[in-house]
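Have a look at the structure below, then the notes.
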Amino acid sequence: MEKKPSDIDEDIENQEEERQQQHFHVLAVDDSVIDRKLLERLLRNSSYQVTCVDSGNKALEYLGLLDNLENPSTDSSSSQSTQQEGMKVNLIMTDYCMPGMSGYDLLKRVKGSSWKDVPVVVMSSENIPSRISMCLEGGAEEFLLKPLQLSDMQKLQPHLLKSLDQSCKEAIDEKNGIEMEKNNSSNNNNNNNNNNSKRKAMSESEEPPERRPKMGLAVVQI
């Protein structure tokens, strides 16, 4: 039985969506081994790439932000180089209650860094409205209640697409900036060449004309 055009279009869209998901990288942060394994399995079943860490400090270390935390005067060059070296993260999922650094503290640290455009999703087994509001107001894209289910993974898609769009925009802006810099450099070289030609022409025009020798009058005697 042949497929209808609508069915073929739907299959193509599903394949494209699955292909995009395989390129999405999620950083999962949870101190609970059981919750971390569950989250990893759910994400991998949804065709996402996953990196799991068990604390906020290890998440910052992975993002290249740990040195900045210990030394606030350090600039964000290390985290920017981490992004450029291929360790791109499209989404961060963090548990709220963790020893040492809470999920909220990690959220604020990320939003105050060069990773501020990466969506952050906070998870918790406690449904506390004030905590949920605080995280959402602090920049979290979503607040999910544990135990997570496969249906929760569908809520991640819009945030991941937003992250992908932002990455594409940054890449385009960077490319345009490089081309603009090349054009400016080329224009400057052309201007310098034109100025040198003008100066040469002016110097040649200012040279005094060559003096011709005076011809003496010859006296003819008869």
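Position 115 of the sequence shown, counted from 1, bears residue number 95 in the numbering used here, the numbering being contiguous throughout. Just so you know, even glycine gets a beta-carbon here, dropped at the ideal spot from N, CA and C.
- Our two residues, Pro109 and Ala8, have alpha carbons roughly 23 angstroms apart in a direct line.
- When rounded, the separation of the alpha-carbon atoms in Ser26 and Ile158 is 37 angstroms.
- An exposed status is given to Asn107, since fewer than 16 other beta-carbon atoms sit within 10 Å of its beta-carbon.
- From the listed residues Leu136, Asp34, Leu141, the smallest Cα separation to Pro79 is found for Asp34.
- In the structure shown, the three-state DSSP call for Val90 is helix.
- An exposed status is given to Glu117, since fewer than 16 other beta-carbon atoms sit within 10 Å of its beta-carbon.
- Where Leu124 is concerned, there is no enclosing alpha helix (DSSP H), although the beta strand (DSSP E) around it starts and stops at 122 to 125.
- In terms of Cβ geometry, Ser104 and Lys135 do not form a close pair [threshold 8 angstroms].
- Judged by their CB atoms, Thr31 and His5 are nearer to each other than the 8 angstroms cut-off.
- Your pair Asn37 and Met81 checks out as a contact, with CB atoms roughly 6 angstroms apart and the cut at 8 angstroms.
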